[in-house]
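Sequence order for the protein chains is P and L. So the first sequence is numbered by my numbering: it starts at 117 and just counts up by one. So the second sequence is numbered by my numbering: it starts at 1333 and just counts up by one. No residue lacks a Cβ here, since even glycine has one placed at the ideal position from N, Cα and C.
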Amino acid sequence: MDIVVLVKQVPDSGSERSLDPADNTVARGSADNVVNEIDEYAIEEALLLKEAHGGEVTVLTVGPESAADAIRKALSMGADKAVHVVDGAIHGACAPQTSAILAAALQQLSFDIVLCGAESTDGQLAVMPALLAERLNLPLLSGARKLTVEGGMARVERQTDGGYWALEAPLPAIVSTWDTINEPRYPSFKGIMAAKKKPVTKLSLADLGIDPATVGLAMATSQVLEFAGRPPKGAGVKVTDEGDGASKLVDFLAGQKIV
Amino acid sequence: MAEVLVLVELNPTGEGVRKTTLEALTAARALGEPAAVVVGGPGSAAAATAQLAEYGAAKVYVAESEEVEQFLVAPKAEVLAQLVSDKQPAAVVIPSSPEGKEIAGRLAIKTGSGFLTDVTEIAGDGTATQVAFAGATIVHSKVTVGTPIYTVRGNSVTPEPAPGAAEEEQVAVQLSDAARATRVVDRVVEQKSSRPELTEASIVVSGGRGVASAENFSLIEGLADSLGAAVGASRAAVDSGYYPHTFQVGQTGKTVSPQLYIAVGISGAIQHRAGMQTSKTIVAVNKDPEAPIFELADFGVVGDLNTVVPQATEAITARRG
Ligand SMILES: Cc1cc2nc3c(=O)[nH]c(=O)nc-3n(C[C@H](O)[C@H](O)[C@H](O)COP(=O)(O)OP(=O)(O)OC[C@H]3O[C@@H](n4cnc5c(N)ncnc54)[C@H](O)[C@@H]3O)c2cc1C
Ligand SMILES: Cc1cc2nc3c(=O)[nH]c(=O)nc-3n(C[C@H](O)[C@H](O)[C@H](O)COP(=O)(O)OP(=O)(O)OC[C@H]3O[C@@H](n4cnc5c(N)ncnc54)[C@H](O)[C@@H]3O)c2cc1C
């Protein structure tokens, strides 16, 4: 079974992140860049499928040169090879444009299943899998907390408020995962060494048959007009409990007309 | 006045619409006259129309069919795409649930439009406000291509009633094979709760690793029940098995924006703040005076939750009589 995993590099969600005032795009230089955390679960799921069914795991990333680090991480976890779409013209792309690039790259690959995260930690749109399903006319089983593949069918438990929906669709299909689906492995030393020799194919927009003039900030379907830091909250009241902490708390709530 | 399509989220219990629908109807009025779109099983619109009229829907497009419920998401996007092409609306407004975002994305591709997700406000000129990076950055953006599509973040717009005629128009549902790709075989409810839904609640009480055990979460539930609140949990509490994942608040859990958020035994990591930072009033109980959660808190108690929480619950219950 051949699997493609979509992996995005994002600024570490644990550090201070911001937009770049020059053009209102994500400032990728100011924070540490990491593999989008939820994508690690998609990588793990791909490796589990490969272990059960055989086949090859290909990592696909659209992102700047620095995204090569995210690809290395995925390869050191155990993926077999990677495709990195990198082109200066992509800077500032909106989600529909990014999906067109990912879709064009997927059309050059052979796969039974495409795995990806349900949501990135920077844009947090949670739409990419749906955009790709629409463009490629493939079934999407989204928001998986459990995946089984058997007899040419994918079956998923889609995480919902208070439970799940059981989904099924024939392969080839796209499956997006949440961080409840498995526990990602850490790359082993052997894995890290092996990753250095695994093939990474770099593709430009031209390689994908996309005219660079149609992509990027200037052509985006939506634009950030301006941004600002959230106004800091005024300092609150802090009391130390000396037997009366609870009653002070309740007084505060009463003052807010909550109780 | 221009028509704005608003996708209706029906209440899964069968009683009317979700609050998110009323929020979307209210937000849509900035752009034109709201026309509600109900896509569901046969008879599903009947329970919704009265509420839709009360919140300003001039029209209700009713697209009912058995099949809509049998397949995931795609049928709803297909019905909306048909309406966008037939009615040429000024915009489409959709509640920002996981399903709503997928519908928005699919609709954007089908109609060649741009979309903005998780907006907290829509202005008359079509610009929208988005909150980025764990609530730290406020962004104003605009769709520049096609029919603008917005998904409205829960609890960020206050529903306001406005009279609407709610004139019904039936829409024929003819699904393509593509919309029938992923079958919903079963819908399973694992946690039945008498408490309000986390994302809709006006008060949320959340517990963290400091609660220290699953049994001890009864303290959090007790405080929540005294306030008629929903219960939430930090990821550390969920990962430690103290409380089910459904209730996780934060970056990889639910985003809540209640009137009051009480964080108990939660340190206030940036990924937790991502899910609760826009709450109107924030209260924290933590034994560590240096815990970052106090930077956000309007009121903080430095103390042991095992004593403060039961005392507070008792005092609130007494007051409420
Ligand atoms: C704060 C902010 C707000 C934004 N708002 C909008 C908006 O409202 N409308 C809009 O059109 N664009 C918006 N963008 C731009 C958008 O985030 C990017 O275009 C991005 O490429 C796609 O969205 P996402 O990362 O949120 O994807 P998601 O849909 O959240 O990602 C889901 C999964 O798709 C895969 N994936 C996503 N991107 C890539 C990639 N480049 N390479 C490989 N795999 C990938 C990953 O597996 C990921 O887990 C916004 C960006 C930011 C930072
Ligand atoms: C990509 C990513 C996504 C994440 N998503 C989320 C998310 O969605 N939600 C989320 O919550 N986290 C998320 N996290 C994890 C986050 O970084 C923190 O690890 C987590 O929020 C910590 O939970 P906590 O505050 O309960 O635990 P801790 O940080 O361990 O804090 C426990 C607190 O309890 C206090 N305490 C202990 N005992 C008592 C007592 N008896 N009385 C009073 N106070 C006491 C301590 O002083 C401490 O401040 C994510 C992390 C990553 C990397």
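Paired residues, beta bridge with residue i - DSSP
i: P:P348; result: Answer by DSSP bridge pairing: none, since P:P348 is not bridged.
i: L:Y1387; result: L:A1494
i: P:W294; result: Paired residues: none, contrary to the question.
i: L:L1448; result: L:Y1482
i: P:Q275; result: P:Y280
i: P:I377; result: No answer is possible for residue 377 of chain P: it lies beyond the span of chain P, which begins at 117 and ends at 375.
i: L:V1633; result: P:V355 and L:V1617
i: L:I1426; result: L:T1483
i: L:V1521; result: P:G279
i: P:L176; result: P:L122 and P:V199
i: L:V1349; result: L:L1342
CB of residue i within 9 Å of CB of residue j, strictly
i: L:Q1643; j: P:S363; result: yes
i: L:K1433; j: P:A147; result: no
i: P:N152; j: P:D228; result: no
i: P:R346; j: L:G1564; result: no
i: L:G1486; j: L:K1612; result: no
i: L:T1345; j: P:Q240; result: no
i: P:V230; j: L:R1651; result: no
i: P:V353; j: L:F1631; result: yes
i: L:A1390; j: L:G1496; result: yes
i: L:V1596; j: L:V1634; result: no
i: P:L256; j: L:L1439; result: no
i: P:A195; j: P:I217; result: no
i: L:A1569; j: L:I1535; result: no
i: L:I1625; j: L:S1589; result: no
i: P:Q223; j: P:L319; result: no
i: P:P328; j: P:D139; result: no
i: L:E1355; j: L:S1488; result: yes
i: P:A211; j: P:L247; result: yes
i: L:T1353; j: L:P1421; result: no
i: L:I1552; j: L:S1566; result: no
i: L:G1388; j: L:P1366; result: yes
Under 8 Å by beta carbon: chain L residues contacting residue i
i: P:I374; result: I1535, L1559, Q1591, L1592 and T1613
i: P:E342; result: V1471 and H1472
i: P:K124; result: Near P:K124 there are no residues of chain L at all, since even the closest Cβ is about 15 Å away, more than 8 Å.
i: P:D357; result: V1633, V1634, G1635, D1636, T1639 and V1640
i: P:V366; result: A1644, A1647, I1648 and R1651
i: P:G345; result: A1468, T1469 and I1470
Contacts that residue i makes with chain L (C-beta to C-beta distance below 7 Å)
i: P:Q339; result: S1473, K1474 and T1476
i: P:A362; result: V1640, Q1643, A1644 and A1647
i: P:L135; result: T1469
i: P:D228; result: Under the 7 Å cutoff, chain L gives no residues; its nearest Cβ is about 15 Å from P:D228.
i: P:K349; result: L1628
i: P:L222; result: The premise fails here: P:L222 is roughly 15 Å from chain L at the closest Cβ pair, so nothing lies under 7 Å.
i: P:G179; result: Result: empty, since nearest Cβ-Cβ is about 18 Å, beyond 7 Å.
Neighbouring residues, chain P, relative to residue i (Cβ below 8 Å)
i: L:I1441; result: P212, S215, L247, E250 and R251
i: L:V1416; result: Near L:V1416 there are no residues of chain P at all, since even the closest Cβ is about 14 Å away, more than 8 Å.
i: L:G1554; result: What L:G1554 touches in chain P: nothing, since even the nearest Cβ is about 13 Å away.
Proximal chain P residues relative to residue i, where beta-carbon distance stays under 7 Å
i: L:P1430; result: A242 and G259
i: L:Q1583; result: S129 and T237
i: L:E1434; result: V243, A246 and S258
i: L:V1521; result: G278 and G279
i: L:I1602; result: S129 and G130
i: L:R1438; result: A246 and E250
Proximal residues of chain P, C-beta to C-beta of residue i below 9 Å
i: L:T1578; result: Q275, T276, D277, G278 and G279
i: L:G1446; result: C210, A211, P212, A336, T337, S338 and Q339
i: L:E1529; result: D277 and G278
i: L:V1517; result: R271, W281, A282, L283 and E284
Residues that residue i contacts on chain L, provided the C-beta gap is smaller than 9 Å
i: P:V353; result: A1629, D1630, F1631 and G1632
Distance cut-off 8 Å: residue i Cβ against heavy atoms of ligand 3
i: P:D238; result: What this structure holds is ligand 1 and ligand 2, not ligand 3.
Practice task
Below 7 Å between beta carbons is the criterion; list the residues of the segment 244 to 266 of chain P that meet it against any residue of chain L, in chain order.
Solution key: A246, L247, E250, R251, N253, P255, L256, L257, S258 and G259
Handout entry: Those residues, in chain order, that have a beta-carbon closer than 5 Å to some heavy atom of ligand 2
Key = P:S129, P:E153, L:G1540, L:R1541, L:G1542, L:S1566, L:R1567, L:A1568, L:G1582, L:Q1583, L:T1584, L:G1585, L:G1597, L:I1598, L:S1599, L:A1601, L:Q1603, L:H1604, L:N1618, L:K1619, L:D1620, L:A1623, L:D1636 and L:L1637
Handout entry: Contact set between the segment 268 to 300 of chain P and chain L, restricted to residues whose Cβ is under 7 Å from the partner
Key = D277, G278, G279, Y280, W281, A282, L283, E284, A285, D295 and T296
Handout entry: Where the segment 316 to 335 of chain P meets chain L: residues whose CB sits under 9 Å from a CB there
Key = M335
Exercise for the section: Note down, in chain order, all residues in the segment 137 to 156 of chain P with a beta-carbon under 7 Å from any beta-carbon belonging to chain L. Expected result: I154
Problem - Contacting positions in the segment 1374 to 1393 of chain L - beta carbon closer than 7 Å to chain P - result: none
Exercise for the section: Compile a chain-ordered list of the residues in the segment 184 to 202 of chain P whose CB is closer than 8 Å to at least one CB of chain L. Expected result: none
Handout entry: Contact list for the segment 1452 to 1467 of chain L against chain P, Cβ threshold 8 Å
Key = T1459, V1463, A1464, F1465, A1466 and G1467
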